[in-house]
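Quick note on numbering: my numbering labels position 322 of the sequence shown as 378, and the sequence is numbered without any gaps. I have placed the structure first, in the form of structure tokens, so that the comments after it can refer back to it.
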Amino acid sequence: MTNPHTGVEMLRTVETSQASALQRAGRAGREAPGEVFRLYVESEYHKMPVQTPAEILRCEMAEVYMQLKALGVAKVVGFPLVDKPPREALEKAAHFLCRIGALDTRDDLTDLGRKLATMPVSPLYAHCLHVSFEFECTAEILSIVAMLSADAQIFITSKKERDGAKAKAFHHEDGDHLCLLSAFSQWKKHQHQKAFASQNGLNHAALEKSVTIRNQLKDVLHQAWGASQIPSCGGPKNWMTVRRCLLKGLFTQTARRDEVNQNSYRTFLSRQEARLHPSSVLHRRQPPPPCVVYTELFVTAKSYLRTVTEVQCNTMLSFADCPIN
Numbered sequence: 057m058t059n060p061h062t063g064v065e066m067l068r069t070v071e072t073s074q075a076s077a078l079q080r081a082g083r084a085g086r087e088a089p090g091e092v093f094r095l096y097v098e099s100e101y102h103k104m105p106v107q108t109p110a111e112i113l114r115c116e117m118a119e120v121y122m123q124l125k126a127l128g129v130a131k132v133v134g135f136p137l138v139d140k141p142p143r144e145a146l147e148k149a150a151h152f153l154c155r156i157g158a159l160d161t162r163d164d165l166t167d168l169g170r171k172l173a174t175m176p177v178s179p180l181y182a183h184c185l186h187v188s189f190e191f192e193c194t195a196e197i198l199s200i201v202a203m204l205s206a207d208a209q210i211f212i213t214s215k216k217e218r219d220g221a222k223a224k225a226f227h228h229e230d231g232d233h234l235c236l237l238s239a240f241s242q243w244k245k246h247q248h249q250k251a252f253a254s255q256n257g258l259n260h261a262a263l264e265k266s267v268t269i270r271n272q273l274k275d276v277l278h279q280a281w282g283a284s285q286i287p288s289c290g291g292p293k294n295w296m297t298v299r300r301c302l303l304k305g306l307f308t309q310t311a312r313r314d315e316v317n318q319n320s321y322r323t324f325l326s327r328q329e330a331r332l333h334p335s336s337v338l339h340r341r342q343p344p345p346p347c348v349v350y351t352e353l354f355v356t357a358k359s360y361l362r363t364v365t366e367v368q369c370n371t372m373l374s375f376a377d378c379p380i381n
């Protein structure tokens with residue numbers, strides 16, 4: 057779930073609701089008579105919430121806010137939603153959309169905002185695609201955004217196996233986004249893609265889903281954004297350009313290494329402390345990179361940055377200080 061106040065992704069154990077427990081009980085008799093055994097006492101059941109909180113109360117609101125504005129809703133805060141999100145979550149969404157140039161100071165969609173609203177991905181990823189034309193690496197960003205939007209793990213090997221010889225083919229020392237791009241590029245070019253994925257610890261179904269998403273996004277670029285061509289930076293030797301684009305496109309999700317605790321980072325805008333996730337290719341680097349751009353900040357027992365790529369600190373500061381239109 058996402059904390060609607062902070063936007064932080066949290067993986068926490070929470071009690072189920074009575075409605076969810078009853079729904080699961082129905083599975084016991086779906087195909088034949090069955091019995092349900094609860095692993096808790098009846099008194100605990102009666103302490104559970106009756107219903108699971110609505111999804112809109114548990115998600116990040118930027119995409120919802122932008123879509124409501126695109127539909128002509130003048131005051132999103134006053135819109136009569138069945139389940140009212142916290143006011144702080146709506147204000148946070150509006151502030152974020154202003155920072156990426158999708159809203160103006162009057163809370164109206166800008167031309168860029170109307171453009172981003174046509175993309176069936178989060179506003180942040182849509183903004184990154186918009187920026188990619190400036191850096192002429194749209195083909196590469198399309199692939200990265202598609203994989204991040206697939207909602208599935210691309211690498212399905214264990215951490216030990218990822219450190220082995222097979223994974224070295226996809227390893228990129230500058231960060232996880234480029235590892236994803238490397239894996240996608242090599243898989244896409246291979247004649248026997250399913251066998252290639254199996255042999256190299258890749259999730260073939262997730263990669264196929266990424267291709268579908270990528271094609272959909274590419275169609276939007278052509279039809280709604282009017283892009284006549286999809287520029288490419290030309291291959292791994294030019295992926296520094298991709299890193300610069302990721303920084304400008306995802307500038308709201310940057311973090312800087314703590315000068316005292318070298319293994320800890322502080323996010324630049326929200327000032328939250330977190331560590332690099334153990335699955336990151338940057339996790340074992342010593343010393344860790346001074347500045348990074350990340351895809352997810354989430355909380356389990358600790359706070360972690362996941363899908364992380366190294367960026368230049370001086371450039372990061374210039375992007376973070378100034379809203380990008």
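A virtual CB, placed ideally from N, CA and C, is assigned to each residue, including glycine.
- Task: Compare the beta carbon distance of Thr323 and Leu353 with 8 Å and say whether it is the shorter of the two.
- Result: Position 267 of the sequence shown, counted from the start, is the residue given in the question as residue 323. Position 297 of the sequence shown, counted from the start, is the residue given in the question as residue 353. Contact: yes.
- Query: Taking C-alpha atoms, which residue in Gln328, Leu338, Ser238 and Arg270 lies nearest to Asn294?
  - Reply: Position 238 of the sequence shown, counted from the start, is the residue given in the question as residue 294. Nearest C-alpha to Asn294: Ser238.
- Message: I need the boundaries of the beta strand (DSSP E) containing Tyr350, first residue and last residue.
- Response: Here residue 350 corresponds to residue number 294 of the sequence shown, with the count starting at 1. Per DSSP, Tyr350 belongs to the beta strand (DSSP E) from Cys347 to Val355.
- With distances taken Cα to Cα, identify the nearest neighbour of Glu229 among His339, Ala126 and Gly282. Position 173 of the sequence shown, counted from the start, is the residue given in the question as residue 229. Out of His339, Ala126 and Gly282, His339 has the C-alpha closest to the C-alpha of Glu229.
- Distance, Cys184 Cα to Val177 Cα: Mapped onto the sequence shown, residue 177 falls at position 121. Mapped onto the sequence shown, residue 184 falls at position 128. Cα-Cα distance, rounded: 11 Å.
- Message: Let me check understanding here. Comparing Cα to Cα, which of Gly290, Leu180 and Leu236 lies closest to Cys303?
- Response: As a first step, residue 303 is located in the sequence shown; it is residue number 247 there, counting from the start. Checking the displayed sequence, the identity of residue 303 turns out to be Leu instead of Cys. If we check each option's Cα against that of Leu303, Leu180 comes out closest.
- Measuring CA to CA, which of Ser188, Pro109 and Asp163 is closest to Lys274? Position 218 of the sequence shown holds residue 274. Taking only the C-alpha atoms, the option nearest Lys274 is Ser188.
- Run through the stretch 93-138 for me and flag every whole beta strand (DSSP E) of 3 or more residues, listed as ranges in chain order. Scanning the stretch 93-138 for uninterrupted beta strand (DSSP E) segments of 3 residues or longer gives nothing; none is fully contained.
- Could you check if Asn319 is buried or exposed, using at least 16 other CB atoms within 10 Å of its CB as the buried criterion? The sequence position of residue 319 within the sequence shown is 263, counting from 1. Answer is exposed; the Cβ neighbour count stays below 16.
- Task: State the Cα-Cα distance for the pair Val106 and Gln74, rounded to the nearest angstrom.
- Result: For this step, residue 106 is matched to residue 50 along the sequence shown. For this step, residue 74 is matched to residue 18 along the sequence shown. C-alpha separation (whole angstroms): 5 Å.
- Leaving out five residues before and five after His76 in sequence, what residues of the same chain have Cβ atoms less than 8 Å from its Cβ? As a working mapping, residue 76 is identified with position 20 in the sequence shown. First, the residue type needs correcting, since residue 76 is Ser and not His in the sequence shown. Counting only Cβ-Cβ distances below 8 Å, and skipping sequence neighbours, we find Thr108.
- Query: Mind checking Pro345: buried by the 16 CB within 10 Å criterion, or exposed?
  - Reply: To locate residue 345, count along the sequence shown from 1; it is residue 289. Burial call: buried.
- Three-state secondary structure (DSSP) of Arg327: Taking the sequence shown and counting its residues from 1, one reaches residue 327 at position 271. Correct three-state label for Arg327: coil.
- Item | Straight-line Cα distance separating Ser336 from Glu315 | Translated into the one-based positions of the sequence shown, residue 315 becomes position 259. Translated into the one-based positions of the sequence shown, residue 336 becomes position 280. For Glu315 and Ser336, the distance between alpha carbons rounds to 21 Å.
- Where do the N-terminal and C-terminal ends of the alpha helix (DSSP H) with Val201 fall, by residue? The count along the sequence shown starts at 1 and reaches residue 201 at position 145. From DSSP, the alpha helix (DSSP H) with Val201 extends over Thr194 to Ser205.
- Task: Assign Glu91 to buried or exposed, taking buried as 16 or more other Cβ atoms, counted over all protein chains shown, within 10 Å of its Cβ.
- Result: Stepping through the sequence shown from its first residue, residue 91 is reached at position 35. Burial check for Glu91: the Cβ neighbour count within 10 Å stays below 16, so the residue is exposed.
- Task: Spell out a yes or no on whether the stretch 157-164 and the stretch 240-260 are touching, meaning 3 or more CB-CB pairs, one atom from each, closer than 8 Å.
- Result: No, they do not touch.
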